[in-house]
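Quick note on numbering: this note's numbering labels position 63 of the sequence shown as 63, and the sequence is numbered without any gaps.
Even for Gly, the Cβ is constructed at its ideal location relative to N, Cα and C.
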Amino acid sequence: MKLNMMYSFLKADIDLIEKELEAAIESHSPLLSEASLHLLQAGGKRIRPVFVLLAAKFGEYDIHITKNVAVALELIHMASLVHDDVIDDAELRRGKPTIKAKWDNRIAMYTGDYIFAKSLEYMTKIEHVEAHKILANTIVEVCIGEIEQIKDKYRYDQNLRDYLRRIKRKTALLIAVSCQLGAIASGVDEQIHKKLFLFGYYVGMSFQITDDILDFTSTEKELGKPAGSDLLQGNVTLPVLYAMKNEEARTRITLVNEETSKEEMLHIIEFIKSTDAIEKSHALSQRYLDKALHILEGLPNGRTKKTFRDIANYIGKRKY
Ligand code: 2DE
Ligand code: MG
Ligand code: MG
Ligand code: MG
């Protein structure tokens, strides 16, 4: 089943959010509008807004309140991608040139800041102080995660815990908080919004592990961004950690540094794929998914819960 078919009952609300996103980035500066719109129109899975809406369904659902959280979360995600593509020197995102490639790094930095500021504007519509605390704290964690990732580049003495802590910060928390804030904004009580947070956290962990696997196994065409770029950039992800349990792989991987040729890298990537590293990574992704599904069991039954389950399962199997 296609992703958007799983929540077709939300179609009108998702369409509304898409329009709001367009309106949100409209600026008096044509350059800011153009650059932001360029990324927005490249599409994306819109996982965070969808999770916001679904989580809000566990409370007093009012789209005119919830939409602000959904728009804010997608904008924060977008802003972080604009900055990320500067940091990672990425040329392609969602099948289109990145803002930094189409314009330049300076334009990209300010476009990211601009989109980020816009997200805060949407959050001001939410009166729960707690929601703002949670969001601010999450963004702090995302920044720490990104800094840690830079520090950990080409470091082969790191362990599984280092990796898991990093992906928690860079990806899982924002997905977790999408669920939690959607719920808080519609008055859901603590016991439930904490469960939704945990559900989003586990799905987010599984999601990033899959992203890191796809970087090895998928193609630029499918991903809309170059494959194989993690190792090329020195990012030690889960498949690399598992592959290093193999003596020969370990020897070759630990020699990788900034000077390693692209050709040698491609060989190493193929070697990693020939070990059991990909399979083991899938297994860990699945374990997180199972944890997410287990949390769902403790939530009230209904269409929303079923949709969360379908999306979680889809995320574990996705190809892009
Ligand atoms: C993408 O990771 C991670 C994005 C988080 C970036 C966060 C920044 C700080 P990847 P892909 C820059 C926060 C900034 C804000 C909120 C404005 O693995 O493979 O590089 O998609 O992702 O490039
Ligand atoms: Mg990147
Ligand atoms: Mg990055
Ligand atoms: Mg990636």
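At the level of alpha carbons, what is the spacing between residue i and residue j?
i	j	result
residue 71	residue 172	18 Å
residue 63	residue 69	10 Å
residue 150	residue 315	27 Å
residue 211	residue 48	16 Å
residue 327	residue 161	Look at the range of the chain in this structure, 1 to 320, and you will see that residue 327 is not part of it.
residue 15	residue 218	30 Å
residue 192	residue 179	10 Å
residue 25	residue 298	38 Å
residue 266	residue 65	49 Å
residue 233	residue 189	43 Å
Which residues in the same chain as residue i place their Cβ atom closer than 6 Å to its Cβ, once the five residues preceding and following it in sequence are excluded?
i	result
residue 114	32
Whose C-beta lies closer than 8 Å to the C-beta of residue i among residues of the same chain, with five residues either side of it excluded?
i	result
residue 130	184
residue 21	40, 71, 74 and 75
residue 243	249, 250, 253, 271, 272, 275 and 277
residue 325	Lying outside 1 to 320, the shown extent of the chain, residue 325 is not represented and no answer is given.
residue 166	145, 148, 149 and 152
residue 309	293 and 296
residue 27	33, 36 and 114
residue 164	205
Near residue i, what residues of its chain come up, given a Cβ to Cβ distance below 7 Å and the 5 sequence neighbours on each side ignored?
i	result
residue 111	32, 35, 36, 82 and 99
residue 102	38
residue 138	173, 174 and 177
residue 282	213
residue 187	59 and 60
residue 304	54, 57 and 58
residue 51	175, 178, 179, 182 and 200
Quick one: give me the first and last residue of the alpha helix (DSSP H) that residue i is part of.
i	result
residue 194	190-217
residue 36	30-40
residue 4	3-6
residue 288	277-297
residue 43	Neither: residue 43 is in no alpha helix (DSSP H) and is coded neither H nor E.
residue 13	11-25
residue 74	63-87
residue 301	Neither: residue 301 is in no alpha helix (DSSP H) and is coded neither H nor E.
residue 159	No alpha helix (DSSP H) holds residue 159; DSSP gives it neither H nor E.
residue 132	129-151
residue 265	262-274
Quick check: residue i and residue j, are their CB atoms within less than 8 Å of each other?
i	j	result
residue 181	residue 58	no
residue 140	residue 170	no
residue 53	residue 224	no
residue 284	residue 238	yes
residue 3	residue 45	yes
residue 256	residue 269	no
residue 216	residue 228	yes
Tell me whether residue i is buried or exposed, calling it buried when 16 or more other Cβ atoms sit within 10 Å of its Cβ.
i	result
residue 376	This structure cannot speak to residue 376, because the chain is shown only from 1 to 320.
residue 208	buried
residue 118	buried
residue 289	buried
residue 87	exposed
residue 312	buried
residue 292	buried
residue 56	buried
residue 67	buried
residue 5	exposed
residue 301	exposed
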